[in-house]
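This note's numbering applies: residue 33 is where the sequence shown begins, and numbers increase by one.
Note that CB positions come from ideal geometry on N, CA and C, so glycine has one too.
Bear in mind that the values here come from a model prediction, so they are computed numbers and not experimental data.
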Amino acid sequence: MPKGFLDQSLHYLAARVAHRIGRRYYHRHLKTRGIKAAEWWVLSLLEERDDLTVSTIASHIFYDQPTTGRLLDRMEKQGLISRRPSPVDRRKTLVDITRAGKRRVTKLQLLATEDEREATRSFKKTELENLKAALRLVLKDLGMEQTIDSPDS
C-alpha cells in the first residue's frame with residue numbers, strides 16, 4: 033500500500049518507470065549494438081514517417097536543435113539516415129530513414145515490444161491500453177499532444 037508523497041507522485045512514478053525501462057532496454061539491446069538511445073528514438077520516428085524536420089525530431093527526442101543536428105550528422109555518416117533541403121522551405125532540412133536504418137530499427141522494435149510485454153506482464157491488455165491512453169491525456173494536459181503527424185510549429 034502506498035504510504036508517502038513519492039508513492040503518490042505521478043511525476044516520481046512516471047520518471048522511475050521511464051528510467052527503469054529505458055536503462056533496461058539500453059543495456060540489453062542498444063549498448064551491445066553500439067546504439068545511443070537518441071539514435072533509436074530518431075530511427076523509430078523516421079520509421080513511422082519520413083520527411084521530418086530537424087525541429088520536429090528534436091522536440092520528440094528531448095534535445096535542442098544544435099545537439100540534434102550533431103546526432104543526425106553521426107547517423108548520416110553511419111548510413112542510417114539521409115537529409116535534404118525541403119522543396120517548400122529551403123531553410124528547413126528534411127530527414128529520411130535509409131534501408132540500413134530500417135533494417136536496424138525493425139529488429140530493435142521487436143526487442144522493445146518483447147521488453148514492454150515483460151515489463152507489463154501483470155496488466156491485462158485493456159489495462160495497458162488504458163494506461164497508455166491516460167499518459168497521452170497527461171501529455172495533452174501538459175501541452176505536449178503534438179505527434180509526428182502534427183504540422184511543424
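Exercise. What are the partner residues of residue 114, as DSSP defines its beta bridges?
Worked result: DSSP, once it has assigned bridges, lists 128 as partnering residue 114.
Problem set entry | Separation of residue 158 from residue 130, as counted between CA atoms | Residue 130 and residue 158 have their C-alpha atoms some 35 Å from each other.
Problem set entry | Closest by C-alpha distance to residue 103, when choosing among 70, 55 and 48 | Proximity to residue 103 across 70, 55 and 48 peaks at 70, based on C-alpha coordinates.
Exercise. Is residue 73 closer than 9 Å to residue 92 when the C-beta atoms are compared?
Worked result: Judged by beta-carbon spacing, residue 73 lies within the 9 Å limit of residue 92, meaning their Cβ atoms are closer than that value.
Problem set entry | Three-state secondary structure (DSSP) of residue 78 | Residue 78: helix per DSSP, three-state reduction.
Exercise. In the structure shown, what three-state DSSP assignment does residue 174 receive?
Worked result: If DSSP states are grouped into helix, strand and coil, residue 174 belongs with coil.
For this session: Using 10 angstroms around the beta-carbon of residue 185, count the other beta-carbons present and answer buried if the total reaches 16, otherwise exposed.
Result: For residue 185, the predicted model reports a pLDDT of 37, less than 50, meaning its position is unreliable and no value from the coordinates is stated.
Problem set entry | Outcome for residue 176 when other beta-carbon atoms lying within 10 angstroms are tallied against a minimum of 16 | Exposed, because fewer than 16 other Cβ atoms sit within 10 Å of the Cβ of residue 176.
Exercise. Under 9 Å between the Cβ atoms of residue 80 and residue 138?
Worked result: Not closer than 9 Å, so no.
For this session: Give the single residue among 39, 162 and 57 whose Cα lies nearest to the Cα of residue 145.
Result: If you compare the alpha carbons of 39, 162 and 57 with that of residue 145, the shortest gap goes to 57.
Exercise. Is residue 140 closer than 9 Å to residue 82 when the C-beta atoms are compared?
Worked result: 9 Å or more divides the Cβ of residue 82 from the Cβ of residue 140.
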